[in-house]
Amino acid sequence: MLASKLYAPTLREVPADADVVSQQLMLRAGFIRKTASGLYSFLPLGWRSIKKIEAIVREEMDRANAQEIMMPILQPAEIWKESGRWKAYGAEMMRIHDRHENEYCLGPTHEEMITTLVKNEINSYRQLPVNLYQIQSKFRDERRPRYGLMRSREFIMKDAYSFDIDEKGLDESYKSMYDAYMNIFNRCGLTFRPVEADSGAIGGSGTHEFMAIADAGEADIVYCTACDYAANIEIGKPGVMKQDEEAYKDLETVDTPHASTIEAVADMLNLPLEKTIKAVVFSIDGKVVLAIVRGDHEVNEIAVQHAVLGTVEPEMATPEELEKAGLTAGFISPVGLHQSDDFAIVVDESVMETYNVCGGANKKDAHYININPKRDFDVDDIIIAPIRLITDDDVCPCCGGTLEHAKGIEVGQVFKLGTKYSEALQATFLDQNGRPNPMVMGCYGIGVSRTLAAAIEQYHDENGIIWPRAIAPFETVIVPINAKDSVLMEASQRIYDALHQADVDVLLDDRKDRAGVKFKDADLIGYPLRITVSKSTVENDEVEIQIRKSGETITCAIGMVTSKVT
Ligand code: ATP
Ligand code: MG
Ligand code: MG
Ligand code: MG
1 MLASKLYAPT
11 LREVPADADV
21 VSQQLMLRAG
31 FIRKTASGLY
41 SFLPLGWRSI
51 KKIEAIVREE
61 MDRANAQEIM
71 MPILQPAEIW
81 KESGRWKAYG
91 AEMMRIHDRH
101 ENEYCLGPTH
111 EEMITTLVKN
121 EINSYRQLPV
131 NLYQIQSKFR
141 DERRPRYGLM
151 RSREFIMKDA
161 YSFDIDEKGL
171 DESYKSMYDA
181 YMNIFNRCGL
191 TFRPVEADSG
201 AIGGSGTHEF
211 MAIADAGEAD
221 IVYCTACDYA
231 ANIEIGKPGV
241 MKQDEEAYKD
251 LETVDTPHAS
261 TIEAVADMLN
271 LPLEKTIKAV
281 VFSIDGKVVL
291 AIVRGDHEVN
301 EIAVQHAVLG
311 TVEPEMATPE
321 ELEKAGLTAG
331 FISPVGLHQS
341 DDFAIVVDES
351 VMETYNVCGG
361 ANKKDAHYIN
371 INPKRDFDVD
381 DIIIAPIRLI
391 TDDDVCPCCG
401 GTLEHAKGIE
411 VGQVFKLGTK
421 YSEALQATFL
431 DQNGRPNPMV
441 MGCYGIGVSR
451 TLAAAIEQYH
461 DENGIIWPRA
471 IAPFETVIVP
481 INAKDSVLME
491 ASQRIYDALH
501 QADVDVLLDD
511 RKDRAGVKFK
521 DADLIGYPLR
531 ITVSKSTVEN
541 DEVEIQIRKS
551 GETITCAIGM
561 VTSKVT
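Quick note: the UniProt record's numbering has the sequence shown finishing at residue 566, numbered continuously throughout.
Spelled out as structure tokens, the structure:
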């Protein structure tokens with residue numbers, strides 16, 4: 001590829017609304033362009049990197065015996081109604097209807113669709129296990145699309161779904177996906193940690209999130225510097241709460257803090273509350289916690305019920321008691337629920353100062369992974385059980401090592417779904433005894449476009465991107481200092497041909513621009529290697545190879561370039 005032909009319009013000024021480094025650099029370097037809030041076009045450079053990530057994902061999925069398919073993005077409402085998620089998914093689902101007024105959504109995920117797809121064709125244990133995946137655009141009407149590709153409304157996801165005859169089979173499928181994810185993110189060059197995460201609303205019994213460690217991450221995690229223990233602190237963001245009293249009319253409730261208290265708390269937290277229907281109070285390690293539950297998600301019914309059952313001292317719910325308990329400001333945690341904005345937990349300030357709330361970890365028995373009492377804990381235990389608190393000088397619960405706090409970008413998640421969808425959608429198979437059983441499912445997602453952004457968040461400097469080689473748009477750029485000099489161009493062309501032959505992804509910067517301009521662009525775009533072809537070196541039949549990451553430069557005989565670069 002010649003740079004003179006490459007469509008990579010660079011920008012001098014960073015658009016004011018570009019709120020993270022990855023977005024700024026991708027815009028400046030001509031990788032992406034924004035169409036509207038949360039909607040992006042990939043230009044050739046960006047798309048080349050996406051395709052490289054996809055290729056790695058495909059290789060590792062195939063190696064793990066998953067098979068690629070492609071399902072429609074447009075999904076009929078019926079299957080979502082059958083699973084109960086048409087309502088439960090809430091405002092994040094993009095809904096449309098056709099000219100006959102039939103309802104559809106643009107797939108935010110595909111559990112319903114895949115279960116419907118396989119249920120008619122898989123009917124015997126002999127056909128299982130099966131693992132199917134696709135790489136496709138997903139749609140989520142995020143409350144606050146931001147951070148460029150990291151939280152967009154249309155994004156590229158790899159989603160895989162496994163079907164097994166029993167839990168043991170699921171464990172194996174899960175393990176093989178977990179291992180594939182380790183390989184994928186390692187091969188992409190990311191610094192990441194797998195973290196056991198909460199599986200509240202999806203109804204699974206086990207799940208890990210893969211967190212790329214970067215300051216721009218929205219998740220708070222702790223990890224051990226001595227062993228591979230890592231935990232998700234899961235601090236969510238405040239959100240709008242809507243009223244849906246109908247959904248709660250049969251629930252057993254306690255009288256909750258007076259509206260004025262809730263409003264005061266909401267005000268402090270800057271929650272744009274319309275009306276809050278329920279709030280419950282319980283305590284964690286003796287500290288008072290107020291939970292505000294929003295009413296437009298079905299899953300919250302469970303949460304409300306459980307939280308209410310777990311309410312320890314109803315009298316704590318009076319404004320006076322709250323005041324006495326010093327309930328002032330706080331942070332919000334999505335613990336136990338799918339959406340971070342469904343469930344708000346307000347902790348009094350003293351807790352905030354001393355503790356971080358840990359909602360999950362990647363080692364068994366070293367943590368509490370959920371806040372769905374009754375399902376995960378005895379109701380009597382709820383007072384202390386739901387959340388494990390980690391103090392700043394806490395040590396690793398596994399090995400006693402030092403814990404490091406970090407921000408994480410969720411680039412992938414693996415999930416044991418169990419039979420939730422196969423039961424709801426009647427996806428059964430006949431076992432060895434001829435008896436019908438629901439298939440045991442798992443689902444596995446990777447944010448392909450988010451992974452691209454995460455890599456830039458991890459690897460950049462003031463001059464631009466520093467690509468891990470495996471996902472760089474080009475592995476090497478050849479820069480002849482003066483494109484009008486035929487000697488330099490000939491040498492460059494020779495190197496280009498040799499690298500091309502050797503399957504190196506190479507770009508020749510044949511533009512007539514000054515060397516300084518080309519160097520700047522090379523740094524900004526972030527090619528891992530730059531081969532500089534100048535008069536003084538070519539005279540000795542040599543060129544300079546510069547490594548973007550370290551800035552190190554080596555001189556190399558032209559005949560040796562290919563072996564050096566490959
Ligand atoms: P988040 O917690 O960041 O909202 P999620 O848990 O809702 O993500 P999943 O349902 O687990 O996301 O989807 C699988 C993967 O898709 C995520 O791990 C993430 O990498 C990616 N993803 C999810 N939402 C977005 C988005 N709005 N923009 C880009 N990638 C996304
Ligand atoms: Mg989400
Ligand atoms: Mg998440
Ligand atoms: Mg997730």
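Every residue gets a Cβ at the ideal spot worked out from N, C-alpha and C, and that includes glycine.
query, result
"Under 8 Å Cβ to Cβ from M1, same chain only, skipping five residues before and after it: list those, please.", "F474, V506, L507, L508"
"Hey, would you say the C-beta of E410 is under 7 Å away from at least one heavy atom of ligand 3?", "yes"
"Please report how far the alpha carbon of A180 lies from the alpha carbon of E60, in whole angstroms.", "6 Å"
"Below 6 Å CB to CB, which residues in the same chain sit around R48 once its five sequence neighbours on both sides are set aside?", "P473"
"Which of helix, strand or coil does DSSP assign to K158?", "strand"
"Using the DSSP secondary-structure output, state which residues sit across from K119 in a beta bridge.", "In DSSP, K119 forms no bridge with anything."
"Give me the Cα-Cα distance between I213 and I466, rounded to the nearest whole angstrom.", "16 Å"
"What is the rounded straight-line gap between the Cα of K158 and the Cα of A66?", "12 Å"
"Once you ignore the five residues that flank K5 on each side, which residues in its own chain have a CB closer than 7 Å to its CB?", "none"
"Could you give the residue range of the alpha helix (DSSP H) that holds P44?", "44-63"
"Kindly list the residues whose CB is nearer than 6 Å to the CB of D523, restricted to its own chain and excluding five residues on each side of it in sequence; keep chain order.", "N463, G464"
"State the CB to CB distance for the pair L499 and T476, rounded to an integer number of angstroms; the pair is presumed to be in contact (CB under 8 Å).", "6 Å"
"For the 8 Å Cβ check, are there 3 or more pairs between the region 482-501 and the region 546-565?", "yes"
"For A3, does the three-state DSSP call read helix, strand or coil?", "helix"
"Does H500 come out as helix, strand or coil in the three-state DSSP assignment?", "helix"
"Look at the alpha carbon of T566 and the alpha carbon of V543, and state the distance between them as a whole number of angstroms.", "16 Å"
"Just the C-alpha distance for F185 and D431, rounded to the nearest angstrom, thanks.", "37 Å"
"Going by DSSP, what residue range makes up the beta strand (DSSP E) through residue 572?", "Residue 572 is absent from the model: the chain starts at 1 and stops at 566."
"Run the proximity test for F163: is its beta-carbon closer than 7 Å to any non-hydrogen atom belonging to ligand 1?", "no"
"Taking only three categories from DSSP, how would you classify K138?", "strand"
"G408 and A557 - do their beta-carbons sit closer together than 8 Å?", "no"
"Under DSSP, the alpha helix (DSSP H) around M182 begins and ends at which residues?", "167-187"
"Taking the continuous beta strand (DSSP E) assigned at R530, which residues delimit it?", "529-533"
"Starting from C398, follow its DSSP beta bridges and name the residues at the other end.", "DSSP lists no partner for C398."
"Taking its Cβ as the centre, do 16 or more other Cβ atoms sit within 10 Å of G434, making it buried, or is it exposed?", "exposed"
"For M211, which of helix, strand or coil comes out of DSSP?", "strand"
"Helix, strand or coil, according to DSSP, for E92 in the structure here?", "helix"
"Short of 7 Å in beta carbon distance, which residues of its chain neighbour Q134, apart from the five on each side in sequence? Order them along the chain.", "E68, I69, M70, M71, D159"
"Counting pairs of beta carbons, one from the region 107-125 and one from the region 415-429, are three or more of them closer than 8 Å?", "yes"
"Taking only heavy atoms of ligand 4 into account, decide whether any of them is closer than 7 Å to the Cβ of Q413.", "yes"
"Please determine whether the Cβ atom of E209 lies at a distance below 7 Å from any heavy atom of ligand 4.", "yes"
"If you compare alpha carbons, which of D521, E112, M93 is closest to K420?", "E112"
"With DSSP as the reference, identify every bridge partner of S124, one or two as the case may be.", "L430"
"Sort D215, F519, T109, C188 by Cα distance to E154 and report the nearest one.", "T109"
"Using only alpha-carbon positions, find the residue among H208, D141, V57, E404 that is nearest to T225.", "E404"
"Give the secondary structure of K416 by DSSP, where H, G and I count as helix, E and B as strand, and everything else as coil.", "strand"
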